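Heads up: the structure comes next, in structure tokens.
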Amino acid sequence: MSKVAVVGAGAIGGTFGVRLCRTHDVTFCVRTPFERLRVETPSGAYDEPVRCATVPAQVGRVDWVLLAVKGHQTAGAAPWLKALAGPGTVIAVMQNGVEHVERTAPFAHGAEVLPMVVNCPADRLGPGRMVQNLHAGLQPQDGEAGRGLAGLFEGTDVKVTLQKDIVTALWTKLCANLAGGPVTALTGQPRGVVRRPDVAALARTLVRECAEAGRAAGAKIPDDIHETAVATIAGHPPHLSTSMLQDRLAGRPLEADPFTGAVIRAGEKYGVPTPATRVIHPLLMALNGGGEGG
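Each residue of the sequence shown is one higher than the one before, starting from 1394 at the first, in my numbering.
Below, the structure is given as structure tokens:
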């Protein structure tokens, strides 16, 4: 039995954390506590009594941290990580984007940071209530920590696939995110908006710039990913949302910095032009508020 802390019990933290409640010592680190965690999945429902902590003083060192806050919220989780993490701890970063290690390492206190791709379309209905829309999967970086994560979820229905090339996996997922997230958030419309030829052209440009930056960073990304990624979004039922649109409609901060911000930073680092991304990024950031320059 491992000691596990889930930092951020939203759709991702709740959906994966509930799988561990019966076999491990799990604490959910949250703002709003709840006594039970219910997650509806395609194969049935989980409904488990849980232990919640609302301040870092209520927790101590653990074996595993499932860091399930969004990328731009990582710094805000620093007090939790200070209490939970240290040498011997593994921080499993369950976030979008490509900068898992760069964002988390400054707050790791000697813990190992494990990057991964998360595949789990899910929604948070309220404190302690989630719905998982498709089957859940994790693709951690191959190595001792990745194999340990596979062992942690052994006996659950979570498919853990070790990734020998985590750079390619992360950048490929970011390309998929950029095919629909920014244009749906900016228009306030679901995935069907990508069926407009003009919007599809913009989405393809964003994905192309992301792919070019990713290749410069070492990712092996297909040359036609800007076509296939946008075609995939356009082929979905038009009423389906994206996580970025859901955040906008709920008044939550958008994942602009881990998405378009990361592409711009990589472009600057490797000398890759990202003109369309540079136009879209400040518009997404402006939706987060903060006034002039926010």
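Ideal placement from N, C-alpha and C gives every residue a C-beta, glycine not left out.
No experiment lies behind these values; they were computed from the predicted model shown.
- Classified as exposed, Ser1436 has fewer than 16 neighbouring CB atoms from the shown chains inside 10 Å of its CB.
- The stretch 1592–1606 makes contact with the stretch 1669–1678; the number of CB pairs closer than 8 Å reaches 3 or more.
- Minimum Cα-Cα distance from Arg1444 among the listed residues Ala1398, Lys1475 and Trp1457 corresponds to Ala1398.
- Secondary structure at Leu1633: coil, using DSSP grouped into helix, strand and coil.
- Our two residues, Asn1570 and Arg1415, have alpha carbons roughly 33 Å apart in a direct line.
- Distance between Val1423 and Asp1640, taken at the CA atoms: about 18 Å.
- Ala1529 and Thr1621 do not touch by the CB rule: their CB atoms are close to 24 Å apart, not below 8 Å.
- The stretch 1531–1538 makes contact with the stretch 1556–1563; the number of CB pairs closer than 8 Å reaches 3 or more.
- Looking at Lys1557, Gly1682, Pro1508 and Pro1480, the one whose alpha-carbon comes closest to that of Val1491 is Pro1508.
- A distance of 8 Å or more separates the beta carbons of Thr1625 and Thr1577.
- For Pro1499, there are no CB contacts under 6 Å within the same chain when 5 residues up- and downstream are skipped.
- Judged by DSSP in its simplified three-state form, Asp1516 adopts strand.
- Here Ala1655 is not near Leu1545, since their CB atoms are 8 Å or more apart.
- Annotation: Cys1445 is outside any alpha helix (DSSP H); the continuous beta strand (DSSP E) that includes it extends over Arg1444 to Ala1446.
- In the three-state reduction of the DSSP assignment, Thr1408 falls in the helix class, which pools H, G and I.
- In the three-state reduction of the DSSP assignment, Val1506 falls in the strand class, which pools E and B.
- Within the same chain, Cβ atoms closer than 8 Å to the Cβ of Pro1514 are found at Gln1525, Asn1526 and Leu1527, the five residues on either side in sequence being excluded.
- According to DSSP, residue pairing for Lys1396 in a beta bridge involves Asp1418.
- In this structure, the straight-line span from the alpha carbon of Gly1503 to that of Thr1482 is close to 8 Å.
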